[in-house]
Each structure stands twice: as structure tokens, then as C-alpha cells.
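J.: Here you go, one structure.
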Amino acid sequence: MKVLNYEGEVKGLNPEKEENIATETMNEEAAQAAHNHTEDIPAADNATAESSEGNTSSSEGAVEDAELAKAKAEAEEYQQRFLRAQADFDNFRRRTLKEKEDLAKYASAKLVTELLPVLDNFERALATEQAASEAESFIKGVDMIFRQLGQVLEQEGVKPMEAVGQPFNPEFHQAVMTVETDEFEEGTVVEELQKGYLLKDKVLRPAMVKVSG
């Protein structure tokens, strides 16, 4: 009969058989341990694989988020560029349209400006007192020409400024001197030395004036 002590040793057999049985027992235990170790390896490998897959998924998700954020930023930049380009084009179109309108509106400015001295001379001639009666018909003829010329200029949008009694404005008046007077407040046009003219809403020539000081 085989009797094992608590350490797994076989008692009651001859030494050779005891050695064989002990060897078999050790082999079985080693095989079992190897088997258990082999079973543990796939579990560890699976855990490692799952961890690796999780890390890979997280990395891919982070990359996708970064690419999406970059795409959104680029789209926003392109939109802002488009809006700025559109605004610049609208401004250019309005500016070009205004320049075209001004060109048509003030096309006669150069010719009219050259005619103003002629108008001035007519006005001065009519203001001169003519004592000789024989000059009366001549004066009437000059007056008629003066009025006709004024009408032609008026049809082109030319009109004289009202200067006397107006506050001095450097956009409309050219001050040639200042005078002391109690009749007008300081900084008021007291006398017009040469008429100023407007072409529609544009100053064609400022009035030459005296200003109260």
C-alpha cells in the first residue's frame, strides 16, 4: 500500500519505486504548472492588445479632432477673406460710379471757369457810370450780352454765391483783408471784391472778400 506524507513523499515502498513515483509526481506537477502558465499568457496578451487598441483609438480620435478644428479655422479664414474682398469690391464700385457721375456732372467746369473773367468784365463795364448820352445804346447792348451769357451759364448749373453778410467760410470765401466795423459781427463778410460761383454743388471759384475783424 502507498502511503504519502504531507510533503508528497511515498512511504512503504522500496527506494527505487519511491524514486520513480516521486519523479512522476514532480513531472506531473511541472506539466500542470506549465499548462497553467500557458493559459495565463493569452489572457495577458489579450489585455495588452485591448490596451493597445484603446490607445490607438484615442490617438486616432485626437488626430481627427485636431484636423476638424484646423478645417474649421481655415473655413472661417476663407469666409473672412471673401467678406473683405466683397466689401472692397463694393467700395470700388461705388467710388467708380461716383467718379463717373462727377465726370459727367462737372464736364464743363474747365470751360465755365475760363468764361468767368469775361462775365466779370461785363459786370464791371455795366457798373461804370456813363455820362455821355451816346453811350447809352452801347451800354444796353453790353447788358443784353451779359444777361444772355449769365443765362447760358445758369443752364449749365453755374450760379453766383451770396457772400456779403455771411459768416466767413474758407471753403467758399477767399479773404484778402480784414476791416474794423460796427455794422457786422466779427468774422463776417462785409464786402465782395470778386464774385464766387458754384457749379451745381461744387465750388467753381471762391468769392474774394473783405472780412470784419
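Quick note: the numbering used here has the sequence shown finishing at residue 252, numbered continuously throughout. All C-beta atoms, glycine included, are put in the ideal place defined by N, C-alpha and C. Computed from a prediction, not measured in an experiment: that's the story for all the values here.
Can you tell me whether A114 is helix, strand or coil according to DSSP?
T.: Counting from one through the sequence shown, the residue named residue 114 turns up at place 75. In this structure, A114 counts as helix in the three-state DSSP scheme.
J.: If you reduce the DSSP assignment to three classes, tell me which class A108 lands in.
T.: Within the sequence shown, the letter at position 69 stands for residue 108. Helix, per DSSP.
J.: Taking the Cβ atom as the reference point for each residue, do K179 and M216 lie within a distance shorter than 8 angstroms?
T.: The residue you call residue 179 lines up with position 140 of the sequence shown. The residue you call residue 216 lines up with position 177 of the sequence shown. Not in contact: K179 and M216 (Cβ atoms no closer than 8 angstroms).
J.: Return the CA-CA distance between E231 and F177, expressed in angstroms with no decimal places.
T.: Looking up residue 231 in the sequence shown gives position 192. Looking up residue 177 in the sequence shown gives position 138. Straight-line Cα distance between these residues: approximately 27 angstroms.
J.: On the DSSP letters alone, give me the boundaries of the beta strand (DSSP E) that V157 sits inside.
T.: Along the sequence shown, one-based indexing puts residue 157 at 118. No beta strand (DSSP E) contains V157, which is instead part of the alpha helix (DSSP H) from 148 to 166.
J.: Quick check on A146: buried or exposed, where buried means 16 or more other Cβ atoms within 10 Å of its Cβ?
T.: Taking the sequence shown and counting its residues from 1, one reaches residue 146 at position 107. Classification of A146: exposed, given that the 10 Å Cβ count is below 16.
J.: Looking at V197: is its Cβ nearer than 8 angstroms to the Cβ of V151?
T.: Counting from one through the sequence shown, the residue named residue 197 turns up at place 158. Counting from one through the sequence shown, the residue named residue 151 turns up at place 112. Yes, these two residues count as a Cβ contact at 8 angstroms.
J.: Taking the CB atoms as reference points, tell me whether P245 and Q213 lie closer together than 8 angstroms.
T.: Stepping through the sequence shown from its first residue, residue 245 is reached at position 206. Stepping through the sequence shown from its first residue, residue 213 is reached at position 174. Result yes, Cβ atoms of P245 and Q213 sit closer than 8 angstroms.
J.: Can you grab the Cα-Cα spacing for the pair F207 / A126, in whole Å?
T.: What you label residue 207 is simply residue 168 of the sequence shown in a count that begins at 1. What you label residue 126 is simply residue 87 of the sequence shown in a count that begins at 1. In a straight line, the C-alpha of F207 is about 39 angstroms away from that of A126.
J.: Drop a sphere of 10 angstroms on the beta-carbon of M200, count the other beta-carbons inside from all chains shown, and report buried for 16 or more, exposed for fewer.
T.: Locating residue 200 in the sequence shown gives position 161, counting from the first residue. Per the 10 Å Cβ criterion, buried.
J.: With a 10 Å radius around its C-beta and 16 neighbouring C-beta atoms as the bar for buried, classify F211 as buried or exposed.
T.: Counting from one through the sequence shown, the residue named residue 211 turns up at place 172. Classification for F211: buried.
J.: Got a sec? Which residues, its chain only, sit under 8 angstroms from K239 by beta carbon, not counting five neighbours each side?
T.: Translated into positions along the sequence shown, residue 239 becomes position 200. So the list reads K144, Y145, G196, once near-sequence residues are dropped.
J.: Run through DSSP, which three-state label would V191 get?
T.: The sequence position of residue 191 within the sequence shown is 152, counting from 1. Three-state result, V191: helix.
J.: To which residues of the same chain is Q8 closer than 6 angstroms at the C-beta, ignoring the five residues directly before and after it?
T.: Nothing about residue 8 can be reported from this structure: the residues present for the chain run from 40 to 252 only.
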